[in-house]
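Read through the structure below, which is laid out as structure tokens, and then see the notes.
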Amino acid sequence: MPHLTSTTAGAAGTGVRTALGIPGYAHPLVAPAQWAELARPGTPVDWVVLDVAAGPGSRPDPHCLEAAARLRAAGVRVLGHLDLTYGARVFGDLLSDAHRHLDWYRVDGFLLDRCPVGRAELPDVRRAITTLRAFGDTAHIVLGHGRPPHPGYAENADQLVTFSGSWSDYRWSQVAEWTADYPPDRFCHFVHSVPRGHLDEALRIARWQGAATIYFTDRTDRGGRVDPWETMPGYWDDIVSRVGTGVSE
Numbered sequence: 253m254p255h256l257t258s259t260t261a262g263a264a265g266t267g268v269r270t271a272l273g274i275p276g277y278a279h280p281l282v283a284p285a286q287w288a289e290l291a292r293p294g295t296p297v298d299w300v301v302l303d304v305a306a307g308p309g310s311r312p313d314p315h316c317l318e319a320a321a322r323l324r325a326a327g328v329r330v331l332g333h334l335d336l337t338y339g340a341r342v343f344g345d346l347l348s349d350a351h352r353h354l355d356w357y358r359v360d361g362f363l364l365d366r367c368p369v370g371r372a373e374l375p376d377v378r379r380a381i382t383t384l385r386a387f388g389d390t391a392h393i394v395l396g397h398g399r400p401p402h403p404g405y406a407e408n409a410d411q412l413v414t415f416s417g418s419w420s421d422y423r424w425s426q427v428a429e430w431t432a433d434y435p436p437d438r439f440c441h442f443v444h445s446v447p448r449g450h451l452d453e454a455l456r457i458a459r460w461q462g463a464a465t466i467y468f469t470d471r472t473d474r475g476g477r478v479d480p481w482e483t484m485p486g487y488w489d490d491i492v493s494r495v496g497t498g499v500s501e
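Here it is as structure tokens:
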């Protein structure tokens, strides 16, 4: 199979801790039970993205404040959502959103969504990351490329989302060879439309490709018309069990 390449097999050794990275559910007022589930003791969640209203919103949201506080109390990192619009975002607007995330929700870091992948845009992204780290040197920075970027991005962020898309694309995907130079906890994969019967296969692909932070869901994007990440997968308990116990290592 294309994803089982010699350059990545060594990265999939035993002892790698797989965890869940949550791209962001619907607003806590709409999905309170789902947000509460993320804070349940023992759930293998590394971080959760808080996207109030295409960013932090225009004023503090009490429902989001409560959800973020509950997650932090459970030891789960909360990341503020920042949209880079593939490098077109005005730098000042980006920093303004970051300040609001920090001031209102005390986020532990940021997901820089729609991050560019090319070498030409790398200096601007590096500048943004350096500024965000100046706000707090412990900020966890995830770059939401959605596909393998230029390797220089790996030198600047804590994690890179190197795949975000459908199961039909993921099951035949190929990992970038340069990722084998880094540990699996540097990479994240988000995959939607994964049938329950293929969940173990999806986990094996992630481990062979060297991605230790994952999010798989059976929700679909309906041809790009809906957000597949905003609703908890129907097999949530199954994936929590498999990730938490290291099934399919």
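Following my numbering, the numbering of the sequence shown begins with 253 at its first residue and continues without gaps.
Each residue gets a CB set at the ideal place from its N, CA and C atoms; glycine is no exception.
If I measure Cβ to Cβ from residue i and keep anything under 6 Å in the same chain, skipping five residues before and after, which residues do I get?
i	result
T337	R366
W419	V443, S445 and V446
R477	none
P314	none
A464	V268, T270, P436 and D437
T382	none
Taking just the CA atoms, how far does residue j sit from residue i?
i	j	result
R545	G344	The chain is shown from 253 up to 501; residue 545 falls before or after that span and cannot be answered.
G404	V369	10 Å
L272	W430	23 Å
A340	N408	19 Å
I466	R311	31 Å
A325	D489	22 Å
W304	V330	Residue 304 is actually Val in this sequence, not Trp. About 12 Å.
C316	F468	24 Å
D452	I274	19 Å
G449	P375	43 Å
R269	P293	17 Å
Y422	P435	20 Å
E373	G475	29 Å
P573	R459	Outside the shown range of the chain, which is 253 to 501, sits residue 573, and nothing can be said about it.
P284	Y357	17 Å
A288	V282	12 Å
D410	S348	22 Å
C440	A432	14 Å
From the DSSP output, read off the bridge partner residues of residue i.
i	result
F343	Looking at the DSSP assignment, F343 forms no beta bridge with any residue, so it has no partner.
I393	F362
V465	According to the sequence shown, residue 465 is Thr rather than Val. Paired residue(s): A271 and C440.
R225	Absent from the model: residue 225. The displayed extent of the chain is 253 to 501, so no value can be given.
F415	H441
D335	D365
Buried or exposed: where does residue i fall if 16 or more other Cβ atoms within 10 Å of its Cβ makes it buried?
i	result
W481	buried
D355	exposed
T266	Per-residue confidence for T266 stands at a pLDDT of 43, beneath the threshold of 50, marking its modelled position as unreliable; no derived number is given.
Would you say residue i and residue j are within 8 Å of each other, going by their C-beta atoms?
i	j	result
R438	L412	yes
V427	G396	no
G388	S416	no
L346	L334	yes
V492	P296	yes
L332	A321	A small correction: the amino acid at residue 332 is Gly; Leu does not occupy that position in the sequence shown. In this structure, A321 does not lie closer than 8 Å to G332 by Cβ.
D470	G486	yes
P280	A319	yes
R371	H402	yes
V342	L302	no
Note down, in chain order, each residue of its chain lying with its Cβ closer than 8 Å to the Cβ of residue i, except the 5 sequence neighbours on either side.
i	result
D473	S418, H444, S445, D479 and P480
Q286	Y277, A278, T483 and M484
R385	A391 and I393
Take residue i and list the residues in its own chain whose beta-carbon comes closer than 7 Å to its own, dropping the five residues that flank it on each side.
i	result
R378	N408
V328	L290, A291, V297, W299 and V300
A264	Because A264 carries a pLDDT of 39, less than 50, the predicted location of this residue cannot be relied on, and the following value inherits that uncertainty. If we look at A264 and ignore the five residues flanking it on each side, its Cβ neighbours are R459, W460 and G462.
L323	L290, A291, V300 and V330
A406	L412, Y434 and R438
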